[in-house]
Every structure is written in structure tokens, then in C-alpha cells.
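Remarks on the structure that follows.
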Amino acid sequence: MPQTKLRTAIHNLWPKLLVIVAGFGLYGLAVTWLQGDFKSLVIGIGGGLVSIPLAFIFYEIWQEKSHRKLNNSVYEFAENQMRVSIRAVKSKLELLVGGAFAYFESGRFLIDDEDIENLKIYVQEEEAENVKPDIDNLLDFERESIFEALVDGRYLAFQLTDLSLRDELNRLEGVLSNAFIMERLSDSQVRAIIYLIEVVKMLEAFLALHHDVFLKSSVKLHGFRTEIVQEDLCALIFDNLGTGESVTLDVKPILDTQPSAEPLNGYVVNPDYYAALSDLVYDVVEGINGWKSVSNPIYMDHEAGRIGAL
614 MPQTKLRTAI HNLWPKLLVI VAGFGLYGLA VTWLQGDFKS LVIGIGGGLV SIPLAFIFYE
674 IWQEKSHRKL NNSVYEFAEN QMRVSIRAVK SKLELLVGGA FAYFESGRFL IDDEDIENLK
734 IYVQEEEAEN VKPDIDNLLD FERESIFEAL VDGRYLAFQL TDLSLRDELN RLEGVLSNAF
794 IMERLSDSQV RAIIYLIEVV KMLEAFLALH HDVFLKSSVK LHGFRTEIVQ EDLCALIFDN
854 LGTGESVTLD VKPILDTQPS AEPLNGYVVN PDYYAALSDL VYDVVEGING WKSVSNPIYM
914 DHEAGRIGAL
């Protein structure tokens, strides 16, 4: 037990212990010196002075254990809320770094770039043996790896409105302003959250202030198309050129995009922003890793019904 808790426990116990000692003193006095009814009265008083404080002590011990269990549950809830919010930030970074290929599992798709102006994507059921797998976890990326990914990245117009971190930033700031959650996190966790919010805010500000971060290129991405699936919804669909199967990758309100036949135009990161953007993304990656160093990375997203790890 830490010294502060020990001092607090002693401070709370000593008045009750004094009453118990007084009770034993009265009992001893009555047994040794008193007689008759007065002796019985003093013995009764002494017994009460012993039993009542003991009852309070046992009650406080029980209450402390109950509160400790409750606090542990509340702490786990608070920590999990933060992990879910950080997972949303990581998902957005994966989309920002992976671009049009972020929808596919690493090592299970091939890009035919024989014609550099017409990229064809083939998704395989089994991992390609002759393809060196990429780093699966974005949090393992070094600054240079992020730079290279942004240089090689190809993006879809359908994705561009999803690359803002405004919603994720608002969610993090909402958790930070929640006293119920923050009071139950350690100082190191609070510092990690504040740093993460700062770097996410800088990345979001960069994307919001520079409207030419992504430029339309002459590259065509074969296999992708968008179509209206409901009156107000548009879907991004991938037609696997290898199997002929179609998969819906994402759905969003039609206000954010327009239906378009395959192939879709590819967008690239403005070369003027390679260095600045890769630095900002890397800072957010470091912020997430900073949180992981002071917290359990396993999260449970109750809304999505999903359990995972950062």
C-alpha cells in the first residue's frame, strides 16, 4: 500500500481504535474494581464502546472493497472509451496512407502496372507467395515508410471527403472534456491523450487549410466504380478482374460523391506536401504509440460489436 493511502487509513482508524481501547479499559475497570449493578452497567458500556467501532470498521472495509471493484469497472470503461476513439483515428490514418488499396488485406492483392497510366488490381483468396508482404500495422511504420507510401499512394474521389479527421478530433476532445472519464485515468494517460489531440489537430488543420493536398492525375484505377444503391446513397464497388466477383467496399450519402463507371480517376498527393504530410502523419502515429505504452491496446467497440487491438 502506498504511503499516502497508509497515512489516510491510519488517520481514519485511530479515533475508532481509541474508543475501542477506552471500552476495554472500562471493562477491565469494572471487572477489577466495581461490584453489583454498577459493575454490570460499566461492563455494558465498555462492550458497546468495543463492538460499535468494530462494526463501523468492518463496514468501511466492506464498503472500500465494493468501491474498489466499482472503480476498477469504471476505470476499464473510461480506458476503453479512449481506446475506441483512438482506433477511429488509426483507421483514418490507414485510409490516408493506403489510399485506394486500403480496402484490401496486405499481401492478397496484386497491382498490374505494366501500363503506368492504367493500374489494374487483382485480389486473391490466398496470400501471394511471390509478393513480399507490406507492414500490416501502420503503427510500425517509420517516417520514411510513411513518406514512401504517400508518394506511391493513389486515391479515389470517393475517398477524399473521408480523409478529414474532424469527427475523430471532436470525439477525442469530447472524451478529454468528460470529467467522469478523465478523473479515472492516470496522469501519464492524460498526458498521452493531450499530446495525441495536439498532433491530430495539427494534421486536421493542415488538411483543412490546404485544398490542393490531393491532385487529380491521368492514372486510371481499373476495377473500381461507384453506383447509386438507394435514392440517397452511393456505393464504392470493386469488380475483381481476376474472378469477376463484385464487392461493395463503402457506402456514403450521394451528396458526397457521384456515380461513375469503371475505371475511376486516380488522385495523388501533391509533391509539394510529401514531407510536411508525412511528418504530420508520423507524429499522430507516435501519439497513438504513446498511448499504447501506458494503456492496454485491446478495445471493445460496443456500438460496432467488435473487439480488436490498436
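For the sequence shown, the numbering used here gives the first residue as 614, with consecutive numbering after it. Glycine residues also receive a C-beta, built at the ideal position from the N, C-alpha and C atoms. Small disclaimer: the values here were computed from a predicted structure and weren't measured.
1. Report yes if the C-beta distance between L809 and N883 is below 7 Å; otherwise report no.
2. Looking at the structure shown, is D852 part of a helix, part of a strand, or coil, going by DSSP?
3. Could you say which of G657, P666, G660 lies nearest to L630 if we only look at CA atoms?
4. Label T839 either buried or exposed according to how many other C-beta atoms from any shown protein chain fall within 10 Å of its C-beta, with 16 as the threshold for buried.
5. Do you know how far the Cα of E673 is from the Cα of A762?
6. Expressed to the nearest angstrom, what Euclidean distance is found between the alpha-carbon atoms of L647 and A668?
7. Find the nearest neighbour of G638 within the set G660, S653, P628, D650, judged by alpha-carbon distance.
8. Assign I633 to one of two classes, buried (16 or more other C-beta atoms within 10 Å of its C-beta) or exposed (fewer than that).
9. Just mark E742 as buried or exposed, buried being the case when its beta carbon has 16 or more other beta carbons within 10 Å.
10. Using CA coordinates, which residue listed in A874, E899, N909 is at the minimum distance from F754?
11. Might you give, ordered along the chain, the residues of its own chain that have their beta carbon closer than 8 Å to the beta carbon of S906, omitting 5 neighbours on each side?
12. Just to confirm the assignment, what range does the beta strand (DSSP E) spanning Y735 have?
13. On the criterion of 16 or more Cβ atoms from any shown chain inside 10 Å, does E727 qualify as buried, or is it exposed?
14. Looking only at its own chain, which residues have a Cβ that is under 8 Å from the Cβ of L732, when we skip the five neighbours before and after it?
15. Taking C-beta to C-beta, are F771 and L849 nearer than 7 Å?
16. Find out if the Cβ-Cβ distance for the pair L592, V897 is shorter than 7 Å.
17. Around the C-beta of I729, are 16 or more other C-beta atoms found within 10 angstroms, so that it is buried, or is it exposed?
18. For S873, I'd like the list of residues in its chain whose CB is within less than 6 Å of its CB, leaving aside the five on either flank, ordered along the chain.
19. Using alpha carbons as the reference points, say which of D863, Q802, Y735, E689 lies closest to T856.
Taking the structure as given:
1. no
2. strand
3. P666
4. buried
5. 59 Å
6. 27 Å
7. G660
8. buried
9. Caution applies to E742, whose pLDDT of 47 falls short of 50 and renders its modelled position unreliable; the model cannot decide the point.
10. E899
11. A805
12. 731 to 736
13. exposed
14. I724, D725, D726, R767, V832, K833, L834, H835, G879
15. yes
16. Not covered by the structure: residue 592. The range shown for the chain is 614 to 923.
17. exposed
18. T839
19. Y735
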